[in-house]
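Q:
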Amino acid sequence: MKYDLKKIIIGFLTILVLIKLYILFQPIQCSDVSCFERNMISCKKANFINNQQEAVWNYDIKGVSGEECEIEVTLEHIISGKINSEKLQGKSMSCFYPPNVFEYPEKNLDLCHGRLKEDMQELILINLHEYVLDNLDVIGGGVSEL
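Using the working numbering, you'd call the opening residue of the sequence shown number 13 and step up by one each time.
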């Protein structure tokens, strides 16, 4: 009887330890930007859905990678913008920030790499090209005055 009780207690304690470890390593689900900011600055695992006017971004703080904080950024949904920007939906990029820094990752593409960054840069160039072509007469007039 004692032997069975020991097994039950050991089994119960093992389950408690496993539950504690699971909770400990689960990312925090942030519901506001201040929670995300705190966790990004300290580089603690967290997840935040940022509903902006133009788009819905998913930020997933992965933790420390080398000496930097790794954040995976996914563009979940385009709310408003050009039709050609819809191809960015569902794409991701990894961003690497120095310690104790807070910034919206999509605002500084220099610290990021991945498919989303490449496609965003391509879209910027296409839009710039269209703008130049649409305003060639204005641009040309300004250059001739020099």
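C-beta: ideal position from N, C-alpha, C; glycine also.
What separation, rounded to the nearest whole angstrom, lies between the Cα atoms of Met105 and Pro111?
A: Looking at the two C-alpha atoms, the distance is approximately 19 Å.
Q: Just tell me which of Thr26, Leu128 and Ser92 has its CA closest to the CA of Glu84.
A: Closest by alpha carbon: Leu128.
Q: CA-CA distance, Asn62 and Leu17?
A: Straight-line Cα distance between these residues: approximately 50 Å.
Q: Buried or exposed, going by whether 16 or more other CB atoms sit within 10 Å of the CB of Ile91?
A: The residue in question, Ile91, is exposed, as its Cβ has fewer than 16 Cβ neighbours within 10 Å.
Q: Once you ignore the five residues that flank Leu100 on each side, which residues in its own chain have a CB closer than 6 Å to its CB?
A: Leu87 and Asp131, listed in sequence order.
Q: If we require 3 or more residues per run, which beta strand (DSSP E) segments fall completely within the region 75 to 145?
A: Counting only runs of 3 or more, we get 80 to 90 and 104 to 109.
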